[in-house]
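459 is the number of the first residue of the sequence shown in the numbering used here; add one for each residue after it.
All C-beta atoms in this analysis are idealised placements derived from N, C-alpha and C, irrespective of residue type, glycine included.
Have a look at the structure below, then the notes.
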Amino acid sequence: MENEGDNPLQVALVPRAAVVVFLLKGKTVLLGRRRSSIGHSTFALPGGHLEFGESFEECAAREVKEESGLDIEKTEFLTVTNNVLLEEARPAHYVTIFVRAVLADPDQVPQNMEPHKCDGWDWYDWKNLPQPLFRPLEKIVQSGFNPFPTD
Ligand code: 8DG
Ligand code: MG
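Spelled out as structure tokens, the structure:
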């Protein structure tokens with residue numbers, strides 16, 4: 459690969475860590491259709507990049523709050539997947555940490571806090587998810603993964 463020092467405008471291709479949240483309400487999850495270049499027009503979970511020094515729980519709470527205005531609780535780690543996204547507008551590689559959580563106040567309603575990044579948030583029945591899903595989410599759904607507690 460070309461030496462990054464040769465081109466000051468070249469962005470380094472490195473894997474990044476992201477925390478994404480299955481925010482559960484009854485039998486539904488919160489999804490929004492992306493406006494970002496990666497996964498544009500696909501339905502995805504709230505979430506974003508893990509910042510330096512953050513725990514997964516802190517990142518989940520911060521991203522959900524920034525994106526939807528919602529406060530979450532009972533955040534639990536679920537699983538991690540490796541997502542090499544070479545077909546996107548920009549090649550990307552994410553180590554995606556999936557957590558689940560519930561609303562701190564069940565009556566709180568999601569707001570579209572970042573309309574440049576998302577068309578809006580809504581609750582979708584787990585058995586009837588919208589299409590198309592963002593590829594990393596589609597992959598985990600197709601694997602048969604279920605984010606709901608089994609008890
Ligand atoms: P930030 O700059 O505010 O930290 O992040 P963001 O602007 O909210 O980034 P993002 O694109 O929403 O999330 C970062 C990456 O996480 C995204 O480019 C790819 C990865 N990612 C997955 N699955 C999902 C998902 O279901 N939802 C979201 N939001 N990101 C996901 O691998
Ligand atoms: Mg995000």
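Reduced DSSP category for residue i - H, G, I as helix; E, B as strand; rest coil
i, result
"Ile496", "coil"
"Glu531", "strand"
"Ala476", "strand"
"Glu460", "The pLDDT assigned to Glu460 is 48, lower than 50, so where the model puts this residue is not dependable; a value taken from the coordinates is nonetheless given after this. Residue state, collapsed to three classes: coil."
"Leu595", "helix"
"Phe514", "helix"
"Val567", "coil"
"Arg491", "strand"
"Asn439", "Nothing about residue 439 can be read from this structure; the chain reaches only from 459 to 609."
"Lys485", "coil"
Selection from the options that minimises the alpha carbon distance to residue i
i, options, result
"Pro605", "Lys485, Arg520, Phe501 and Leu528", "Lys485"
"Ser494", "Pro594, Lys585, Asp577 and Glu524", "Asp577"
"Glu635", "Gly505, Glu509, Glu515 and Arg492", "The requested residue 635 does not occur in the structure, where the chain is confined to residues 459 to 609."
"Val472", "Asp609, Pro594, Asp580 and Val542", "Val542"
"Ala475", "Ala547, Pro549, Asp529 and Val553", "Val553"
"Leu488", "Val560, His551 and Glu572", "Val560"
"Thr500", "His507, Gly511, Phe592 and Lys575", "Phe592"
"Glu512", "Pro607, Val477 and Trp584", "Val477"
"Lys597", "Thr608, Pro564, Gln566 and Phe556", "Phe556"
"Val538", "Asp609, Ala470, Val479 and Val567", "Val479"
"Lys483", "Asp580, Pro590 and Pro549", "Asp580"
"Trp584", "Val522, Asn570, Pro607 and Arg548", "Pro607"
"Glu524", "Arg492, Tyr582, Gly505 and Arg491", "Gly505"
Beta-carbon gap between residue i and residue j smaller than 8 Å
i, j, result
"Leu587", "Arg558", "no"
"Ile496", "Glu572", "no"
"Val481", "Leu595", "One detail in the question is off: residue 481 reads as Leu in this sequence, not Val. For Leu481 and Leu595, no; Cβs fall outside 8 Å."
"Gly527", "Pro568", "yes"
"Ala562", "Asp529", "yes"
Residue i CB to nearest heavy atom of the ligand MG below 7 Å
i, result
"Lys575", "yes"
"Glu515", "no"
"Glu525", "yes"
"Gly505", "yes"
"Glu521", "yes"
Closer than 7 Å: residue i CB and nearest the ligand 8DG heavy atom
i, result
"Ser494", "yes"
"Leu471", "no"
"Leu595", "yes"
Any non-hydrogen atom of the ligand PLP closer than 7 Å to residue i Cβ
i, result
"Thr554", "Among the ligands present in this structure, namely the ligand 8DG and the ligand MG, the ligand PLP is not found."
(Q) Quick check: the region 510 to 529 against the region 595 to 602, are at least 3 beta-carbon pairs closer than 8 Å? (A) no
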